[in-house]
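Accompanying notes for the structure given below.
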Ligand SMILES: [Zn+2]
């Protein structure tokens, strides 16, 4: 996934907030107190994500509660951009670079950097991606196109990107792992850690994903995009 594609997907606070909503309630709002499925939104200010209030028991819940964005003063758009920069750079984007590129104070950049790295570690332990999964590899600064061109002529390390989708096609969980190469062994090592064995996988048809899907006893669908610049990972 390129920076540009990431920006297209998460370019506004509203888009990030919508993503978090679908992660929390993939099948629509459910009140954590009474399981009622109707809510209205309470907009506290233009700068903060809205609260969702249950129409039955009036319990209020925010999509950022219990996430690393909880009670944050930094906008979700800046958070999501920081996640891209920290998660994709194998060496880990330095705090100083992060503060320069996002125009943040050093201490704010340090906090984001620290929390993102922590969350990535936690996520490794907590989530295995299940169900429908889209796979792609990307290079920082450009997406690879076609098995013959993967990484050739560039010294950038590939990043394996996986997105699990709910049955409505909304993204639920994302992983991004920087790897040294895209050999079968490397890809299998990542997918063994990240992905449940059953399910349906989609990829652009690169043989390494087809072979990995067979090893995982997963169904493998090939999605061929007519537009080579079309984002592969998100709908
Ligand atoms: Zn309720």
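Numbering (the numbering used here), first residue to last: 5 to 239. Built from N, CA and C at the ideal position, the CB exists for glycine as well.
Burial state of residue i, where buried means 16 or more other Cβ atoms lie within 10 Å
i: residue 197; result: exposed
i: residue 68; result: buried
i: residue 165; result: buried
i: residue 10; result: buried
i: residue 188; result: exposed
i: residue 246; result: A query on residue 246 cannot be resolved here, the shown segment of the chain reaching from 5 to 239 and no further.
i: residue 61; result: exposed
i: residue 38; result: exposed
i: residue 48; result: exposed
i: residue 148; result: Here the model assigns residue 148 a pLDDT of 41, short of 50, so the residue's position is not dependable, and the following value carries that caveat. Burial call: buried.
i: residue 185; result: exposed
i: residue 221; result: exposed
beta-carbon residue i near ligand 1 non-hydrogen atom, thresh 6 Å
i: residue 37; result: yes
i: residue 63; result: yes
i: residue 60; result: yes
CA nearest to the CA of residue i, picked from the options
i: residue 66; options: 35, 78, 113, 168; result: 35
i: residue 75; options: 55, 11, 184; result: 55
i: residue 72; options: 119, 195, 217, 21; result: 119
i: residue 63; options: 80, 41, 49; result: 41
i: residue 78; options: 47, 108, 179, 13; result: 108
i: residue 12; options: 99, 84, 224; result: 84
i: residue 6; options: 115, 80, 162; result: 162
Opposing strand residues paired with residue i [DSSP bridges]
i: residue 87; result: According to DSSP, residue 87 bridges with nothing at all.
i: residue 68; result: Answer is none; residue 68 lacks a bridge partner.
i: residue 55; result: 46, 66
i: residue 182; result: 163
i: residue 212; result: Bridge partners of residue 212: none, in fact.
Unbroken alpha helix (DSSP H) run spanning residue i, endpoints
i: residue 104; result: 99–106
i: residue 33; result: No alpha helix (DSSP H) holds residue 33; DSSP gives it neither H nor E.
i: residue 14; result: 7–14
Endpoints, beta strand (DSSP E) assigned at residue i
i: residue 26; result: No beta strand (DSSP E) contains residue 26, which is instead part of the alpha helix (DSSP H) from 17–28.
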